[in-house]
Amino acid sequence: MSDINVKESFDHFSQYYAQNAFEIWKKLQNECPIASSRKYRNMWVPTKYSDIEEIARDTDTFSSRSPVVAEFGAMADFGLQVPPISADPPYHTSFRRLLLPFFAPSRIEALKDTVVYLANDLIDSFIDNGEFDAALDYAQHIPVKIISEMLGIRDEDGDQFRMWVHNFLELAPTDITVAATSLLQFFEYFQKQIEDRKINPKDDLITFLINAQIDDRLLSDQEIFGGCLLLLLAGIDTTWSAIGASIWHLASNLEDQRSLRNDPDILGSAIEEFLRAFAPVTMAREVTKDVDFKGCPMKKGDPLLLPFPAANRDPEAFENADKIILNRERNRHFAFGVGIHRCLGSNLARMELSVAIETLIVRLPEFELKNPNDVKWSVGQVRGPRKLEIKFKVNR
Amino acid sequence: MKKLLIDKDKCQGHNRCAAIISDLVDIDGLGFASVKLDGHFDDSRLIDVNKAIDNCPENAISIFVELSGDDNV
Ligand code: HEM
Ligand code: SF4
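Taken in sequence, the protein lines are chains A and B. Position 331 (the first sequence) corresponds to 1321 in our numbering; numbering is contiguous. Position 46 (the second sequence) corresponds to 51 in our numbering; numbering is contiguous.
1. Relative to the alpha-carbon of residue 1337 of chain A, which residue among B/20, B/10 and B/6 has its alpha-carbon at the smallest distance?
2. Could you pull out every unbroken alpha helix (DSSP H) segment of at least 4 residues lying fully inside the segment 1132-1203 of chain A, listed in chain order?
3. How far does the beta strand (DSSP E) with residue 70 of chain B in it reach, from first residue to last?
4. Give me the Cα-Cα distance between residue 1275 of chain A and residue 49 of chain B, rounded to the nearest whole angstrom.
5. Taking any Cβ of chain B, which residues in the segment 1080-1100 of chain A have a Cβ under 8 Å from it, in chain order?
6. Using the rule of at least 16 other Cβ atoms within 10 Å of the residue's Cβ for burial, across every protein chain shown, is residue 1370 of chain A buried or exposed?
7. Strictly under 8 Å for the Cβ-Cβ distance: is residue 1337 of chain A near chain B by that measure?
8. So which residues of chain B does residue 1324 of chain A contact, with C-beta pairs closer than 7 Å?
9. Quick one: what's got a C-beta closer than 7 Å to residue 1259 of chain A's C-beta in the same chain, skipping five residues either side?
10. Given a limit of 9 Å on CB to CB distance, which residues of the segment 32-43 of chain B reach chain A?
11. Could you give the distance in angstroms between the alpha-carbon of residue 1326 of chain A and the alpha-carbon of residue 1088 of chain A?
12. Please compile the residues from chain B whose C-beta is within a distance smaller than 7 Å of the C-beta of residue 1204 of chain A.
13. Name the one or two DSSP bridge partners that residue 1034 of chain A has.
14. Could you list which residues in chain B have their beta carbon closer than 9 Å to that of residue 1028 of chain A, in chain order?
15. Answer with buried or exposed for residue 1128 of chain A, where buried requires no fewer than 16 other C-beta atoms within 10 angstroms of its C-beta.
16. From the DSSP secondary-structure annotation, give me the bridge partner or partners of residue 1059 of chain A.
17. Report the option in A/1068, A/1061, A/1043 and A/1223 whose CA atom is closest to the CA atom of residue 1055 of chain A.
18. Could you tell me whether the Cβ atoms of residue 946 of chain A and residue 1373 of chain A are closer together than 8 Å?
19. Assuming residue 1342 of chain A is part of the alpha helix (DSSP H), what are its boundary residues?
20. Tell me, please, whether the segment 1159-1166 of chain A touches the segment 1179-1191 of chain A by the rule of three or more beta-carbon pairs shorter than 8 Å.
21. May I have the straight-line CA-CA distance separating residue 1362 of chain A from residue 1059 of chain A, to the nearest angstrom?
22. Might you give, ordered along the chain, the residues of its own chain that have their beta carbon closer than 7 Å to the beta carbon of residue 1305 of chain A, omitting 5 neighbours on each side?
23. CB of residue 1037 of chain A to nearest heavy atom of ligand 3: below 7 Å?
24. Just tell me which of B/18, B/29, B/34 and B/15 has its CA closest to the CA of residue 8 of chain B.
25. I'd like to confirm something about residue 63 of chain B: is its beta-carbon nearer than 7 Å to some heavy atom of ligand 2, or not?
26. Hey, is residue 13 of chain B's beta-carbon within less than 8 Å of any beta-carbon in chain A?
27. With hydrogens ignored, establish whether the beta-carbon of residue 1254 of chain A is closer than 7 Å to any heavy atom of ligand 1.
28. Put residue 1053 of chain A into one of helix, strand or coil per three-state DSSP.
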């Protein structure tokens, strides 16, 4: 490994981190379980399962007001709120309860046929070619379609969203101009949607939020916008990444691909194992008061990264943490977080991920990476393949 | 007899239990789990119940062992 100092100059937006995250977490877990970084305003980075759990559960000391650590400042200081992920109790509890019914298992089950149809449709478009980009031609389309349907917005706007989300999550945190422009684009788009629903109510999530109440009052436009924005930010890149990473593993480990083909019953535990080993999402908190946490002098206002993916590879919490074991028995992974902010979309994400993988396995013959050295991983707090070329034999 | 317990205060609705022991848990309209009926289960389900315990990220599931008269403990 190069001599970049990850203990005191941790940088989640560096290419170095994108390419070497597993090794970096391991090194930190062994040598310096809580790293830091001056570049990000004195940010702290715990890497152990037990510390990450403790912090996620202590919502008094660690606030969610800024779930993304940007170079230039805290999200909340710019007036941007995306509840419930950026909220603390008790407001968090009320906002989350509003959304819960939309993501309960029964609601999600009803969307499954749409995902099956979509996955097959996408596969039809490349099955005769013998190759495709699993990130661009397959994985990224599935979550966009479903979230558009839930919000009641047109499919055609999907490409727009993907671009805005990409800009927002990967470029904006280190480039304040991109941050401002993408936010403005989101805002103008949703402002129109909200205005439109006020005149023509529909059976969709935006209309629901317009009529929803918290503590006997209607939501402000700002809150409706924030909620919609969050569903896009939280639902798209995350699921895209999880699907992509799972395909990447199966394409580079043919042994595992064969096991899954021969024994479809392990799909459920295999999906959980992919989620554990390639957890895409790292969240962030803000320290609310000066504390000494495990010997680290944390100050009020310091940002703190919560790399759930690192927790998932902590040897103290998982046997053979580095190994992918498709039928792992004991798997209390934190891919969806832990505690009160536990992912609201987890039932949806699991369904999309299972359908995407199962359909691919059923429809395609054995597939592998076209060029193992030419896979591109994203930078930032959502980690997944952004270029993932796959080849397979065409049966004529 | 063994009884399944789910701690309502800990459960965050990950729904891992529902995937493993769907015959023993109910999921409500918000996604939270509770035990079906009185929670008693047969020893033949013990492996799966333990699996659910080992996969609940919130540590919300446990087993309560009831000592009845004819149990030789
Ligand atoms: C594999 C895909 C996904 C992963 C790995 C993932 C991961 C996470 C994580 C780690 C959190 C916890 C945040 C924290 O502790 O601060 C979270 C929260 C959240 N996720 Fe997901 N997510 C995924 C998909 C989705 C989808 C598809 C949606 C909805 C469309 C969604 C909506 C949300 C929302 C609304 C929250 C905030 C919950 C709260 O603050 O109470 N996620 N997600
Ligand atoms: S797995 Fe645990 S947290 Fe999840 S629904 Fe079941 S009891 Fe609740």
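Quick reminder that beta carbons are idealized off the backbone N, C-alpha and C, glycines included. These figures come from a predicted structure and were not determined experimentally.
On the basis of the coordinates in this document:
1. B/20
2. 1148-1156, 1166-1189 and 1195-1201
3. 66-70
4. 44 Å
5. 1087, 1090, 1091, 1093, 1094, 1095 and 1096
6. buried
7. yes
8. 62
9. 1316, 1317 and 1318
10. 32, 33, 34, 35, 36 and 37
11. 19 Å
12. Under the 7 Å cutoff, chain B gives no residues; its nearest Cβ is about 16 Å from residue 1204 of chain A.
13. A/1026 and A/1294
14. Per Cβ cutoff of 9 Å: no residues; residue 1028 of chain A is ~33 Å from chain B at best.
15. buried
16. A/1064
17. A/1068
18. This structure cannot speak to residue 946 of chain A, because chain A is shown only from 991 to 1386.
19. 1336-1353
20. no
21. 31 Å
22. 1311
23. Absence of ligand 3 from the depicted structure is noted, with ligand 1 and ligand 2 being the only ligands included.
24. B/29
25. yes
26. no
27. no
28. strand
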